[in-house]
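Sequences listed follow chains A and B, in order.
Counting from 0, one number per residue, gives the positions in the first sequence under numbering that gives the first Met the number 0.
Counting from 0, one number per residue, gives the positions in the second sequence under numbering that gives the first Met the number 0.
Built from N, CA and C at the ideal position, the CB exists for glycine as well.
One structure below.
2 protein chains.
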Amino acid sequence: MLHVAILTIGDELTGGRIQDTNTSFIARACGREGWKLAASMAVGDDEGAIKKALDYLLTLADAVVVTGGLGPTADDITTESIAKAFGLPLIANDEVLAYIKTIFVNYNLVWTDNNAKQAVFPAGAEIIPNPGGTAAGFALHVGGKVIAVIPGVPREAERMFPEGVVPLFKRAFPEAGLPVHTRTIKIFGVPEAKADELLADIDRKKEGVEIGFYPRFPEIHLVLSCRTESASDAKQKLGHVEAIIEGRLSEFIFAYDDETMEGTVAAGLTDRGLTIAVAESCTGGLICDRLTDVPGSSGFLERGFVTYSNAAKTELLGVPQETLEEHGAVSEPTARLMAEGARKNAGTDLGLSVTGIAGPTGGSAAKPVGTVFIALADKKGTSCRNYSFRWDRRRIKQISAQAALLMVRRYLRGGMESV
Amino acid sequence: MLHVAILTIGDELTGGRIQDTNTSFIARACGREGWKLAASMAVGDDEGAIKKALDYLLTLADAVVVTGGLGPTADDITTESIAKAFGLPLIANDEVLAYIKTIFVNYNLVWTDNNAKQAVFPAGAEIIPNPGGTAAGFALHVGGKVIAVIPGVPREAERMFPEGVVPLFKRAFPEAGLPVHTRTIKIFGVPEAKADELLADIDRKKEGVEIGFYPRFPEIHLVLSCRTESASDAKQKLGHVEAIIEGRLSEFIFAYDDETMEGTVAAGLTDRGLTIAVAESCTGGLICDRLTDVPGSSGFLERGFVTYSNAAKTELLGVPQETLEEHGAVSEPTARLMAEGARKNAGTDLGLSVTGIAGPTGGSAAKPVGTVFIALADKKGTSCRNYSFRWDRRRIKQISAQAALLMVRRYLRGGMESV
């Protein structure tokens, strides 16, 4: 299997001023090719650090992708540092120089001689064209290994890596390994350790499938992966393990692969031609924010009410003052009436409501911070669930919004009995 | 000067499935302490790779921060790998075990034996407490150098690094350099290159103050830093540069240091005893979500309306159907009437509204995707501003919410004339 390492170069990265996105992008692209990322490293614009890092990465990997430091200014020293590290002279490339000069003419830029620096490469380098800028990349073959150097500008790197570097690695390493096939199962409502335990007996070796756990609060993503030449073989193996997991975690599964919770809820509402109104107290608009992240949400989200005050609950949703006084704003009767009022006043098929105590204050012995009631109403009736979350304010909002969306998802699959 | 290296561990990072934010966060925190980041590296959950990486990083740095792989599942192997790398036996820590069990009891979680793994550490390790989770960190002192290990969960790492690791490094390296004093100025509404140009002539050397630009969409944070033993000297120098920046960028500045946009708006409303109602169309609840992230928001946020449909705009906010037909839902007249209707129907001092086209569809030649109207009403009148944002759906929502909150902030400082 091909082992790849990534070296990003730039003081702006090591100083934390700019968040590197190239590493994650290149790592994903390598994953799709079935290549293993051996290491990634960021160093400053420093000749010694660049040499040391390359020496080390070449002990770990067959191929190293270097990004950054190919600009025309004095602090861009990647090309000379790499040439020096391997004892290679720098040689001007006339073809690249002519191309750069064309760009200057076409874009009406004023030529200054420092730009000629971008047409100089270590002897023996293979040029990697840059269709989107003046900084061409290059590759060196050193002792059976390959170093590919591309600019740090994400827009340029994201084009040059698949178009220039990937084919180059495939030519250099014909044995570059089997492709990897993956299937992601997204779960919510079960702790990671518990899910892990429920799947512990699945024999990864025998099944030919790896299972990875990737927590993304408040969700956990299970990534099944399988290495094989045959797509149908992968489908069969992944499908087998997926079926086992579905048998054990079905109540917690809410989406697959690139689907999101709000996306599946949106798709379900759209498919069934249902509309919804949302009444939010402690989530403060977060449920509507998530639903409106889905393009086309105006087709199903009629309106939302952020009923933070009691007056708003009464005036907009018709929750009687007596209910609020007798049971409190955070109570099952209030949650039910909020959902019913949202549905009725908006004239929608469904009404969803959340009322709770996000903290840090406002809790009591009977209703501590984290007490949340979530209700869903349709024309036939209303269901309500009661939760006790133990997180900070922001996370109580996040997990409550997630639980509310899950309630709608369950309804869309199994009706009010499944909520 | 103290040289620090960062090692992030996890297949989810090297596989590109999760974007690492810890490296950038830790690099920034080191920068604030005046420490130099020697290198950062990511490796998978692989014993050999972890050992190799540590060996290499210890040749570059005095201190290594390791994040990730401290979970209870079988693929979390950081602790054992580090113990093995330095030939140390693993020893259970009863105090940590008791703490983890307390968390399980308090949060009503079901104990499974794999969780005991999180209470095992290499012999001689100093425990770094985790106030927010079950994964305690630890530090090892090896040959005059220090390795500090904390969880990869950003929420936990972001608390444990300043509270646990920074003091530990300072104890281990008393020579860690002069203290660095910083002042952060948060700006919005001006491109980074333009802000940089406006501040280019400030002589950093002469002033004894560095100026760093940290873009965090849709904000830019300017971090002024000054190295000196004397707090009063730092205050004087930082104050001098801050005054220059305020003279040039005042209209774009919305917060300092740890303040947030929603926090300053909340504080302003609370101080003045003003209440607000928010009517959101294209932001879909995001403004209310941000305002309700501030504890005590029930004191000023009376209610919010997510008026996605025209019917909702008419019924909840009193926008006449004729206005919607004549000018459209995305128009200045509609935005003004939304703000006025929100204020009137909620009985609040202020009404804030946003209506726009978040895309990807719904745009036209006259009103392309990114057209947004924001209005603010008080008892005397209404102001409206018109924006053309060029981003994707999520970013149009984010920048619109930010612009709306900035409008409230300007009002709180200078009245309706400043909006």
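Contact list for residue 389 of chain B against chain A, beta-carbon separation under 7 Å
Ordered by position in chain A, no residue passes the 7 Å Cβ test against residue 389 of chain B, which lies about 15 Å from the chain.
Exercise for the section: Determine, using beta carbons only, whether residue 223 of chain B and residue 181 of chain B come nearer to each other than 8 Å. Expected result: Against a cut-off of 8 Å, the Cβ pair of residue 181 of chain B and residue 223 of chain B comes out as a contact.
* Can you name, in chain order, every residue of its own chain whose Cβ lies under 8 Å from the Cβ of residue 279 of chain B, other than the five neighbours on each side? -> Result list for residue 279 of chain B: 285, 286, 287, 303, 304, 305, 306, 352 and 353, in chain order.
Answer with yes or no whether the minimum CB distance from residue 367 of chain B to chain A is below 8 Å. Chain A, which has no Cβ nearer than 8 Å to the Cβ of residue 367 of chain B, makes this no.
Does DSSP put residue 104 of chain A in a helix, in a strand, or in coil?
-> Residue 104 of chain A: helix per DSSP, three-state reduction.
Inter-residue CB distance, residue 85 of chain A and residue 164 of chain A (contact presumed, cutoff 8 Å):
Not really, about 19 Å apart at Cβ, beyond 8 Å.
Checklist entry - residue 191 of chain A touches chain B at which residues, Cβ-Cβ below 7 Å? => result Chain-ordered, the chain B residues with CB closer than 7 Å to the CB of residue 191 of chain A read 70 and 72.
message = Which residue marks the beginning of the beta strand (DSSP E) containing residue 28 of chain A, and which one marks its end?
response = Not the beta strand (DSSP E): residue 28 of chain A falls in the alpha helix (DSSP H), residues 21-32.
Assuming residue 372 of chain A and residue 331 of chain A make a contact with CB atoms under 8 Å, what is their CB distance in whole Å?
About 5 Å separates the Cβ atoms of residue 372 of chain A and residue 331 of chain A, confirming a contact at the 8 Å cut-off.
ask   = If you scan the stretch 189-266 of chain B from start to end, which runs of the alpha helix (DSSP H) of 4 or more residues do you find wholly inside it?
value = Segments of the alpha helix (DSSP H) lying fully in the stretch 189-266 of chain B: 191-197, 203-206 and 230-248.
Nearest to residue 316 of chain B by CA position, among B:336, B:415, B:298 and B:174, is which residue? Out of B:336, B:415, B:298 and B:174, B:336 has the C-alpha closest to the C-alpha of residue 316 of chain B.
- Which value, in whole angstroms, describes the spacing of the CA atoms of residue 198 of chain A and residue 323 of chain A? One C-alpha to the other measures close to 45 Å.
Complete runs of the beta strand (DSSP E) confined to the stretch 59-139 of chain A [at least 3 residues]: Here the runs fully enclosed are 62-66, 89-91, 119-121 and 125-127.
| said: Would you say residue 287 of chain A lies against chain B (beta-carbon separation less than 8 Å)? | reply: Yes, its Cβ sits closer than 8 Å to a Cβ of chain B.
Give the DSSP bridge partners of residue 351 of chain A, in chain order. Under DSSP, residue 351 of chain A forms a beta bridge with A:277 and A:375.
- Grab me the residues of residue 292 of chain B's own chain with a C-beta within less than 7 Å of its C-beta, minus the 5 sequence neighbours each way, in chain order. If we look at residue 292 of chain B and ignore the five residues flanking it on each side, its Cβ neighbours are 261.
Query raised in the report: Do you know how far the Cα of residue 109 of chain A is from the Cα of residue 103 of chain A?
Result: For residue 103 of chain A and residue 109 of chain A, the distance between alpha carbons rounds to 7 Å.
Q) Hey, quick one: how far does the alpha helix (DSSP H) through residue 6 of chain A stretch, first residue to last? A) Looking at the DSSP string, residue 6 of chain A is not in any alpha helix (DSSP H); the run it does join, the beta strand (DSSP E), is 2-8.
- request: Output the boundary residues of the alpha helix (DSSP H) element that contains residue 389 of chain B.
  value: Segment: none, residue 389 of chain B is in no alpha helix (DSSP H) and carries neither H nor E.
Stretch-stretch touch, CB-based, cutoff 8 Å, three pairs: the stretch 177-197 of chain A with the stretch 82-101 of chain B: The answer is no - the stretch 82-101 of chain B does not touch the stretch 177-197 of chain A, with fewer than three Cβ pairs under 8 Å.
- Specify the secondary structure class of residue 504 of chain A as computed by DSSP and reduced to three states. Outside the displayed range of chain A (0 to 418) lies residue 504 of chain A, so it cannot be described from this structure.
query: Span of the alpha helix (DSSP H) holding residue 337 of chain B?
result: Where residue 337 of chain B is concerned, the enclosing alpha helix (DSSP H) stretches over 331-345.
Open item on the list: Please report the distance separating the alpha-carbon of residue 21 of chain A from that of residue 151 of chain A.
Closed with: C-alpha separation (whole angstroms): 7 Å.
message: Between the alpha carbons of residue 13 of chain B and residue 25 of chain A, how many angstroms are there, rounded?
response: If I take the Cα positions, the gap works out to 10 Å.
**Nearest residue (CA-CA) to residue 192 of chain A, options B:75, B:273, B:127 and B:156** = It is B:75.
**Study point:** Classification of residue 410 of chain B by the beta-carbon crowding that lies within 10 angstroms, buried from 16 upward
**Key:** Classification of residue 410 of chain B: buried, given that the 10 Å Cβ count is 16 or more.
task = Check the C-beta distance from residue 1 of chain A over to residue 118 of chain A and give it rounded, since I have them as a contact under 8 Å.
result = Wrong, their Cβ atoms sit about 31 Å apart, outside the cutoff.
Can you look up residue 172 of chain B in the DSSP assignment and give me helix, strand or coil? In the three-state reduction of the DSSP assignment, residue 172 of chain B falls in the coil class, being assigned neither a helical nor a strand state.
For residue 301 of chain B, the first and last residue of its enclosing beta strand (DSSP E): Membership of residue 301 of chain B in the beta strand (DSSP E) is indicated by the continuous run 300-305.
Please name the residue in A:77, A:179 and A:114 whose C-alpha comes closest to that of residue 30 of chain A.
-> Selected option, being the one with the closest Cα: A:179.
Query - Terminal residues of the beta strand (DSSP E) in which residue 144 of chain B lies - result: Looking at the DSSP string, the run of the beta strand (DSSP E) that includes residue 144 of chain B is 144-149.
Range of the contiguous alpha helix (DSSP H) that encloses residue 159 of chain A: Residue 159 of chain A -> alpha helix (DSSP H) spans 153-159.
**Message:** Residues of the stretch 156-189 of chain A in Cβ contact with chain B at a cutoff of 8 Å, in chain order, please.
**Reply:** Taking 8 Å as the upper bound on Cβ-Cβ separation, chain B lies near no residue of the stretch 156-189 of chain A.
Once the 5 residues before and after residue 406 of chain B are set aside, which same chain residues still bring their CB inside 8 Å of it?
Around residue 406 of chain B, the same chain offers 351, 373, 375, 382, 384 and 418 as residues with beta carbons nearer than 8 Å, after the five sequence neighbours per side are excluded.
Can you pull the chain A residues whose beta carbon is under 8 Å from the beta carbon of residue 18 of chain B, in chain order?
Those are 20 and 23, listed as they occur along chain A.
| request: Please name the residue or residues paired with residue 368 of chain B in a DSSP beta bridge. | output: Partner(s): none; residue 368 of chain B has no beta bridge.
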